[in-house]
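Following the working numbering, the numbering of the sequence shown begins with -7 at its first residue and continues without gaps.
Glycine residues also receive a C-beta, built at the ideal position from the N, C-alpha and C atoms.
Worksheet for the structure shown next.
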Amino acid sequence: MVKHLNLIWFGLVAVTALVLFLNPELVERETLAAFLERFGAEAFTIYVLFCLFRAALLIPSTPFIFAGALAFPDWPIAVLTASMAGVLSGSLLVYSFPGIGAYDERLQARYPRQIRTIRDRMRGASAWWVTVGWSAFPLVPTDVICYVAGLAKMPPLKMVAAVQLGAFPLTAVYVFTGAELGTLLFA
């Protein structure tokens, strides 16, 4: 059963990657915001679902954070909450199920040096702070630190707390900057 689930999941990821490769404008902030606005009253519910499930297709959260801030400039706290819930679901997914769709192999192939370095640091007393710092830095994928936390057997609640603490300031800046920009653009 798991083998078939992996195949289905990998197929979804491959199709999504191909569509996004052929149409990169689909994940631009403005396109995502326009897509959400077409749904009217249900738009925010759909936005929350996108935030929660985007990690299953390995889509970065940043475009969704900005899209939510642009589409819902009057609801920055709700967008921030939905975005942080998305970060939570994504980090737990990668931590708990790194083998789905051979995601672990892809991370190992793409970031071997970083994974070795981080894994060594994750075995010490500074593991929590390494996770917080990594999650706060905008130019590195949070999925990598969640994957390595799983490899290093970091307790899941400790990992989640560190990722949430690290991601919160950056996500808040994205949301409130995007909301301000959304107010200026759509007012």
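Spatial neighbours of residue i in its chain, beta-carbon cut-off 7 Å, leaving aside the 5 residues before and after
{"i": "W120", "result": "K150 and A154"}
{"i": "V152", "result": "L80, S83 and L84"}
{"i": "D48", "result": "Note that residue 48 corresponds to Ala in the displayed sequence, not to Asp. Only L85 meet the Cβ criterion."}
{"i": "L162", "result": "A128 and P130"}
{"i": "E172", "result": "none"}
Buried versus exposed call for residue i [16 or more other C-beta atoms within 10 Å across all chains shown]
{"i": "V11", "result": "exposed"}
{"i": "R46", "result": "buried"}
{"i": "F185", "result": "Outside the displayed span of the chain (-7 to 179) sits residue 185, for which this structure offers no information."}
{"i": "P65", "result": "buried"}
{"i": "T109", "result": "exposed"}
{"i": "G32", "result": "exposed"}
{"i": "T123", "result": "buried"}
{"i": "A26", "result": "exposed"}
{"i": "T37", "result": "exposed"}
Span of the alpha helix (DSSP H), counted from its first residue to its last, around residue i
{"i": "S118", "result": "Per DSSP, S118 belongs to no alpha helix (DSSP H) and is neither H nor E."}
{"i": "S191", "result": "Residue numbering for the chain in the displayed model covers -7 to 179; residue 191 lies beyond these limits and cannot be assessed."}
{"i": "A141", "result": "T134 to L143"}
{"i": "P68", "result": "P68 to S88"}
{"i": "A35", "result": "A35 to F45"}
Same chain, Cβ closer than 6 Å to residue i, five either side skipped, listed in chain order
{"i": "D96", "result": "P90"}
{"i": "T8", "result": "L49"}
{"i": "V40", "result": "A74"}
Residues near residue i in its chain [Cβ-Cβ closer than 8 Å; skip 5 each side]
{"i": "E29", "result": "A35 and A63"}
{"i": "Q100", "result": "I107"}
{"i": "V136", "result": "L99, Y103, Q106, I107, I110 and W126"}
| query | Is the segment 46 to 64 in contact with the segment 75 to 82, if contact means three or more CB pairs nearer than 8 Å? | reply | yes
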